[in-house]
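Down below is the structure, laid out as structure tokens.
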Amino acid sequence: MTNTFPSGSRDYRGPLVRYRLYLKTVFLFISLIHHLSFYPPQNTNLSKTKFINGVSSSPTLSLGLLVNENVLEVQPDSENDCKDIIRPDVPDNQTKHKAYLWCKEFLHGAWKSIDEDDFQISIIRGGLSNKLFLCALPEKQPSIGDEPRNVLLRLYGQILQGADAMVLESVMFAILAERELGPKLYGIFPQGRLEQFVPSRKLSTDELSVPGIFAEIAEKIARFHGMRMPFNKEPKWLFGTMEKYMDQVLQLTFTREHHLRNFSRLLSYNLPQEMDSLKCLLESTPSPVVFCHNDLQEGNILLLSGRENTDRQRLMLIDFEYSSYSYRGFDFGNFFCEWTYDYTYDKFPFFITNTKNYPTKAQQMHFFQSYLLESHAGFENLSEEDQLKLKEDMLVEVNRFALASHFFWGLWSIIQAKISTIEFGYMEYAMARFDAYFELKKKLMV
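Count along the sequence shown from 1, then add 68; that gives the number in my numbering.
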């Protein structure tokens, strides 16, 4: 297919050279893990931090857009064809064979002797950036030692971070596992990784608004924000990534009529100028720089099996591929936006939007209360007036950064509409996010 992306975004070294570099970097990653001493979590400093203008050219945890040369497009020929898309129930034979080899090579114990015909694999729904699979030993296969009987296989999507950022994300994943904030890491390779399969289920969209659940999510986020991580502390991820996405979007071409129509409408909004306006708004909006998850939504929050009826420690955050030092407001704003999207709909476009589910002021204040009690030492000793002032400031901060969430994932989804092989209405989702962006902007009167 014709390369519509900037020549600078592609690595032209041969596959063997790239793979050797990848392996070398992995060895460095393993050494780094042993020397990090895993900093203990600290309380977030609530001092106000302004935007730092300009974006460094450093690739550290900035998502460059790299597209595989043999990228597949799954755009249907017409809108009617879109409505007939059905997601496959089982992985294809090639994926199953590769998964079998990865499990056999990276795992120990009974995985070493399992026959391919006995290897079990099933699709896990819900991933919009990656493809997820559950790999399992057959019941008849006895364990040899402490090997896991089930593992999660994550295959990276078509938007890649580059070898350096992928390794950094693996470092981050391993650190969070050590701190018991995320699943264990069993193996990494250029196409993806093997993770601990945590007996659990993902939260539903409706559960995000349950007071006990979103209060614990607030506490989890507070602890996440309080971590010291060995990554670049400058908050250049958000607009650095959006600028890269924007460059890609402006060079995209679509051939399908329904994509062309929607894409033309999106371009009519003058997105570059709109992004500049958004950046100016957020430059004037104080927000602490913390270590952010950057993709907080129900699909990335697990409800642990056996703990459903407990009041605390029943949730686990997962999927850290977008995590970086960034603005606290983006994490909160993104989380609140996700209250309005349900990705479990089983027909095209495979999501439902309900903007009426956006959290009320009372719900947001409850969330902030739980967060500040966990993150801000001495918060409970402040006067009611001072507590209210902190939460009122967060209302402004978070809802302005919710605009950035809509804009970010809108751009991301336009690109995915071009390159992703995941069955999802990405262009329709982009339209929904930008519609919500302008609706919220009008409501905030900014």
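Here a beta-carbon is modelled for each residue, glycine too, at the ideal position from N, C-alpha and C.
Asked                                                                                             : Found
The alpha helix (DSSP H) enclosing L385, as first and last residue numbers                        : Where L385 is concerned, there is no enclosing alpha helix (DSSP H), although the beta strand (DSSP E) it sits in stretches over L383 to L385.
Simplified DSSP state of Y494, which is helix, strand or coil                                     : helix
8 Å Cβ cutoff met for L440 and E284                                                               : no
Which listed residue (E263, P258 and M240) has its alpha carbon closest to that of P251           : E263
Reference C171; option with closest CA among G367, L512 and Y254                                  : Y254
When N368, P210, I212 and I191 are compared against L202, the one with the closest alpha-carbon   : I191
Which of helix, strand or coil DSSP assigns to R261                                               : strand
Three-state secondary structure assigned by DSSP to S451                                          : coil
Nearest-angstrom Cα separation, counted from Q316 out to S332                                     : 15 Å
Bounding residues of the alpha helix (DSSP H) (the contiguous stretch that carries L169)          : N161 to F174
Delimiting residues of the alpha helix (DSSP H) encompassing A286                                 : P279 to H293
Secondary structure of Y390, DSSP reduced to three states                                         : coil
E246 versus V266 - alpha carbon distance                                                          : 15 Å
Residue environment, I212, which counts as buried when at least 16 other CB atoms sit within 10 Å : exposed
Cβ-Cβ distance between E491 and S355 below 8 Å                                                    : no
For V317, the first and last residue of its enclosing alpha helix (DSSP H)                        : W305 to V317
Backbone CA spacing between F506 and Y409 [nearest angstrom]                                      : 16 Å
Cβ separation of R346 and L471, assumed to be a contact under 8 Å, to the nearest whole Å         : Before going further, note that residue 346 is Leu rather than Arg in the sequence given. Indeed they touch by this definition, with Cβ atoms about 6 Å apart.
F404: first and last residue of the uninterrupted alpha helix (DSSP H) it sits in                 : R396 to E406
Three-pair Cβ contact test at 8 Å for the segment 269–285 versus the segment 354–369              : yes
I101 to A167 span [Cα, whole Å]                                                                   : Note on I101: pLDDT 46, under 50, position unreliable in the model; the coordinate value appears next. Rounded to whole angstroms, I101 to A167 spans 26 Å at the Cα level.
Whole-angstrom distance between S181 and F502, CA atom to CA atom                                 : 51 Å
Exposed unless 16 or more other CB atoms sit within 10 angstroms - verdict on Y390                : buried
Where V357 sits in the DSSP three-state scheme                                                    : strand
Sheet register partners of I561 (DSSP bridge)                                                     : No information on residue 561 is available, as it lies outside the stretch 69 to 514 that the chain covers here.
Nearest to W480 (by Cα), restricted to the options Y497, T489, R468 and F469                      : Y497
Residue closest to A178, alpha-carbon to alpha-carbon, out of A204, R324 and Y494                 : A204
C-beta atoms of T423 and A504 nearer than 8 Å                                                     : yes
Distance between beta carbons of S394 and L306, contact taken as under 8 Å                        : 5 Å
Cβ neighbour criterion (16 or more within 10 Å) applied to E147                                   : In this predicted model, E147 has a pLDDT of only 49, less than 50, meaning its place in the structure is not dependable enough to derive any value.
Enclosing alpha helix (DSSP H) for F299 [first to last residue]                                   : Run containing F299: none; DSSP gives neither H nor E here.
Beta-carbon proximity check, I482 vs L334, cutoff 8 Å                                             : yes
Burial state of D399, where buried means 16 or more other Cβ atoms lie within 10 Å                : buried
Rounded straight-line distance, which links the Cα of L350 to that of L450                        : 28 Å
Cα-Cα separation, H176 to L221                                                                    : 15 Å
The beta strand (DSSP E) enclosing L220, as first and last residue numbers                        : N218 to L223
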